[in-house]
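Q:
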Amino acid sequence: MSLAVTLSRAQEGVSAPQVMVEVHLSGGLPSTSIVGLPEAAVREARDRVRVAIQSAAFEYPNRKVTVNLAPAELPKDGGRFDLAIALGILAAGHQVPREKLDDCEFLGELALSGQLRPVSGVLPALLRARARGRRVVVPSGNADEAALIPEIDVRIADTLTDVCGWLRGSQELLPPAAALTRSGESIGPDLIDVRGQLQARRALEIAAVGGHHLLLMGPPGTGKTMLAERLAGILPPMTELEALETCAVLSVAGQSIDPAQWRRRPFRAPHHTASAVALVGGGSQPRPGEISLAHNGVLFLDEFPEFSRHVLEVLREPMESGHILISRAARQLTFPAQFQLIAAMNPCPCGYAGDKHKRCRCTPDQVQRYRSRISGPLLDRIDLCIEVPGLPLAELSTPRSPKDEDSSTVRKRVVRARQHALARAGRSNAEISTRELERDCALGPAERQWFDAALGRLGLSARAYHRTLRVARTIADLDNGAAALDRQHLAEALQYRRVSLLSD
Numbered sequence: 001m002s003l004a005v006t007l008s009r010a011q012e013g014v015s016a017p018q019v020m021v022e023v024h025l026s027g028g029l030p031s032t033s034i035v036g037l038p039e040a041a042v043r044e045a046r047d048r049v050r051v052a053i054q055s056a057a058f059e060y061p062n063r064k065v066t067v068n069l070a071p072a073e074l075p076k077d078g079g080r081f082d083l084a085i086a087l088g089i090l091a092a093g094h095q096v097p098r099e100k101l102d103d104c105e106f107l108g109e110l111a112l113s114g115q116l117r118p119v120s121g122v123l124p125a126l127l128r129a130r131a132r133g134r135r136v137v138v139p140s141g142n143a144d145e146a147a148l149i150p151e152i153d154v155r156i157a158d159t160l161t162d163v164c165g166w167l168r169g170s171q172e173l174l175p176p177a178a179a180l181t182r183s184g185e186s187i188g189p190d191l192i193d194v195r196g197q198l199q200a201r202r203a204l205e206i207a208a209v210g211g212h213h214l215l216l217m218g219p220p221g222t223g224k225t226m227l228a229e230r231l232a233g234i235l236p237p238m239t240e241l242e243a244l245e246t247c248a249v250l251s252v253a254g255q256s257i258d259p260a261q262w263r264r265r266p267f268r269a270p271h272h273t274a275s276a277v278a279l280v281g282g283g284s285q286p287r288p289g290e291i292s293l294a295h296n297g298v299l300f301l302d303e304f305p306e307f308s309r310h311v312l313e314v315l316r317e318p319m320e321s322g323h324i325l326i327s328r329a330a331r332q333l334t335f336p337a338q339f340q341l342i343a344a345m346n347p348c349p350c351g352y353a354g355d356k357h358k359r360c361r362c363t364p365d366q367v368q369r370y371r372s373r374i375s376g377p378l379l380d381r382i383d384l385c386i387e388v389p390g391l392p393l394a395e396l397s398t399p400r401s402p403k404d405e406d407s408s409t410v411r412k413r414v415v416r417a418r419q420h421a422l423a424r425a426g427r428s429n430a431e432i433s434t435r436e437l438e439r440d441c442a443l444g445p446a447e448r449q450w451f452d453a454a455l456g457r458l459g460l461s462a463r464a465y466h467r468t469l470r471v472a473r474t475i476a477d478l479d480n481g482a483a484a485l486d487r488q489h490l491a492e493a494l495q496y497r498r499v500s501l502l503s504d
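Residue numbers for the sequence shown follow UniProt numbering, so the first one is 1 and each next one is one higher.
#1: Look up S31 in the DSSP assignment and say whether it is helix, strand or coil.
#2: Less than 8 Å between C-beta atoms, sequence neighbours within five positions excluded: which residues of the same chain meet that for E447?
#3: Only counting the same chain, and skipping five residues up and downstream in sequence, which positions put a Cβ closer than 8 Å to that of K356?
#4: Distance check for T246 and I152, CA to CA, integer angstroms please.
#5: Since C164 contacts R134 with CB under 8 Å, what's their CB separation in whole angstroms?
#6: Closer than 8 Å is the cut-off here; do at least three beta carbon pairs connect the region 190-208 with the region 155-169?
#7: Report yes if the CB atom of A16 is closer than 8 Å to the CB atom of P124, and no otherwise.
#8: Report back the beta-carbon spacing between E431 and G211 to the nearest angstrom; my notes put them in contact at under 8 Å.
#9: Suppose you measure from the CA of S321 to the CA of G223; what does that come to, to the nearest Å?
#10: Looking at R265 and A228, is the spacing between their C-beta atoms short of 8 Å?
#11: I need the straight-line Cα distance from R46 to Q338, nearest angstrom please.
#12: Tell me where the beta strand (DSSP E) around F300 begins and ends.
#13: Taking DSSP as the reference, what is the three-state secondary structure of S321?
#14: Check for me: the alpha helix (DSSP H) holding Q366 runs from which residue to which?
#15: Which residues in the same chain as W450 place their Cβ atom closer than 8 Å to its Cβ, once the five residues preceding and following it in sequence are excluded?
#16: Could you check which residue in K64, Y352 and L101 has the C-alpha nearest to that of L25?
#17: Just how far apart, CA to CA, sit Y60 and A294?
#18: Assess, as a yes-or-no matter, whether the region 36-53 is touched by the region 361-375 under the definition of 3 or more beta carbon pairs within less than 8 Å.
#19: Return helix, strand or coil for L3, following the three-state DSSP convention.
#20: Could you give the DSSP three-state label for H489: helix, strand or coil?
#21: How would you label Q115, buried or exposed, when you count the other beta carbons within 10 angstroms and need 16 or more for buried?
#22: Considering A40, what are the terminal residues of the alpha helix (DSSP H) in which it resides?
#23: Quick one: is G28 buried, meaning 16 or more other Cβ sit within 10 Å of its Cβ, or exposed?
#24: Here's the rule: buried if 16 or more other CB atoms are within 10 angstroms of the residue's CB, otherwise exposed. What is Q11?
#25: For the ligand ZN, I want to know if P150 counts as a neighbour, meaning its beta carbon is within less than 7 Å of at least one of the ligand's heavy atoms.
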């Protein structure tokens, strides 16, 4: 009788709980069984592992092999446990030294030839292993992800034979850092490409400083999409922790990570035919949706009213909480969703209501039905609402104005203004709590009286009241970090609460 234990990591949302792979060899008819709540792909590992061991010129035990994946109540899926199972079988059969398996975790799917194939969710697993102070062996296909994690001993391998040679001390496995040039980020589309639209550019800058949600409304071809695509380029740089959180979501989703742009804020623009599951995540094996893939970045919804109303309504809770909880009969998974929503829409079905150059052919009922596709509760969560009018053709052919600034210039102002918020509360203005809002947005008697009267005329909700104060705080931060909010800051913030645009 022989027993060996190896360590691996499961995938549960963006977390990676530890799994102990216990391998027991005993007498009886030759067979292999895997227990511990394995899904189909894990149960099939017994055949992959057996052939891979034989292809690597090792002996598969002619005994009864029992593999237990602990803890037993945690569901296990995918081929990520193949390498750990194979090493456990070899260690139990005294073909590799057991003591070398201590304090080392193994991730990787085995091909029948013994080659190691990359798996998803490596980044969260490496972060958890680093916290435990363990070494990790991963396939060479995951080298780019592994190289993003500092201060951890990671080794990459191409085959099962390489890993066994490393455990025996006959060869060395290299760390992944040599395979990756750690790069920063690229800015992407530049704001200098946008001509005019000074009010929209101002709203975009305020949104970037405070992390506020923004709705752009205007006729076709006025630059709404161009403005939205350039928001990510003027946002402050991500911290290393934010970048790793974002890359962890990509890793769990099985998407590739570009090592040259891993510090760049994500920009997601799903088509308006996307389902609710595609947007917020889910499925029989829950996967992150677009709002999680946009974590710490921008979610752009073009043709906003063309999305199904049911799809848009699922955005309401994560817009407030910054995460999405997906419940299934067996378990609940939480994915991060701290995204910045930028929406764009036409004013009517034909697109030309209020346009000075083309006549709208929609009836009032058609316009009302079109605009009512966006519910009041959802609109109440959008901090800035701005019209993007059409530009005269003559303005497009004139030399650029000094006010047509590039992304680099605007970004410097955004970073300076964001620093004021970080110094006060450690987070953006859109994320501060109500108590912090009362502390940082205290109004004088005259400003309070004026603001209350304006709120009464506009009929704003309590949520809109707090969101307007947050926008005013952001405007004050842009105003050289003014400590107190004056009437000018409040008036500009109220101007952007133009929800009446959708109800006229």
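Note that the Cβ used here is the ideal one computed from N, Cα and C, for glycine as well.
A: So, to answer that:
#1: The residue given as residue 31 occupies position 31 in the sequence shown. Strand.
#2: Translated into positions along the sequence shown, residue 447 becomes position 447. Result list for E447: L485, D486, R487 and L490, in chain order.
#3: For this step, residue 356 is matched to residue 356 along the sequence shown. Closer than 8 Å at Cβ, skipping near neighbours: P389 and G390.
#4: Here residue 152 refers to the residue found at position 152 when the sequence shown is read from its first residue. Here residue 246 refers to the residue found at position 246 when the sequence shown is read from its first residue. For I152 and T246, the distance between alpha carbons rounds to 19 Å.
#5: Here residue 164 corresponds to residue number 164 of the sequence shown, with the count starting at 1. Here residue 134 corresponds to residue number 134 of the sequence shown, with the count starting at 1. About 19 Å; that fails the 8 Å criterion.
#6: no
#7: Here residue 16 is taken as the residue at index 16 of the sequence shown, counted from 1. Here residue 124 is taken as the residue at index 124 of the sequence shown, counted from 1. Yes, the pair counts as a contact, with Cβ atoms nearer than the cut-off.
#8: In the sequence shown, the residue the question calls residue 431 occupies position 431. In the sequence shown, the residue the question calls residue 211 occupies position 211. With a Cβ gap of about 6 Å, E431 and G211 count as contacting.
#9: Counting from 1 along the sequence shown, the entry for residue 321 is found at position 321. Counting from 1 along the sequence shown, the entry for residue 223 is found at position 223. The straight-line gap from Cα to Cα measures roughly 31 Å.
#10: As a first step, residue 228 must be located in the sequence shown, where it is residue number 228. As a first step, residue 265 must be located in the sequence shown, where it is residue number 265. No, these two residues do not count as a Cβ contact at 8 Å.
#11: Mapped onto the sequence shown, residue 46 falls at position 46. Mapped onto the sequence shown, residue 338 falls at position 338. Their Cα atoms are separated by approximately 40 Å.
#12: Taking the sequence shown and counting its residues from 1, one reaches residue 300 at position 300. Looking at the DSSP string, the run of the beta strand (DSSP E) that includes F300 is V298 to L301.
#13: The count along the sequence shown starts at 1 and reaches residue 321 at position 321. Note: S321 maps to helix in three-state DSSP.
#14: Counted from its first residue, the sequence shown places residue 366 at position 366. That run of the alpha helix (DSSP H) goes P364 to R371.
#15: In the sequence shown, counting from the first residue as 1, residue 450 sits at position 450. Cβ within range, chain order: R487 and L490.
#16: By 1-based counting over the sequence shown, the position of residue 25 is 25. Relative to L25, the option among K64, Y352 and L101 whose CA is nearest is K64.
#17: Counting from one through the sequence shown, the residue named residue 60 turns up at place 60. Counting from one through the sequence shown, the residue named residue 294 turns up at place 294. Cα to Cα, Y60 sits roughly 46 Å from A294.
#18: no
#19: Looking up residue 3 in the sequence shown gives position 3. Looking at L3 - three-state DSSP - the assignment turns out to be strand.
#20: Working through the sequence shown from its first residue, we reach residue 489 at position 489. In the structure shown, H489 sits in a helix (DSSP, three-state: H, G or I).
#21: Numbered from its first residue, the sequence shown carries residue 115 at position 115. By the neighbour-count rule (16 or more Cβ atoms within 10 Å), Q115 is buried.
#22: In the sequence shown, residue 40 corresponds to position 40, counting from 1. It spans A40 to R43 - the alpha helix (DSSP H) in which A40 sits, taken as one unbroken run.
#23: Translated into the one-based positions of the sequence shown, residue 28 becomes position 28. Counting Cβ neighbours within 10 Å, G28 comes out exposed, since fewer than 16 surround it.
#24: What you label residue 11 is simply residue 11 of the sequence shown in a count that begins at 1. It is buried - the Cβ of Q11 has at least 16 other Cβ atoms within 10 Å.
#25: Absent from the structure shown: the ligand ZN. Ligands present: none.
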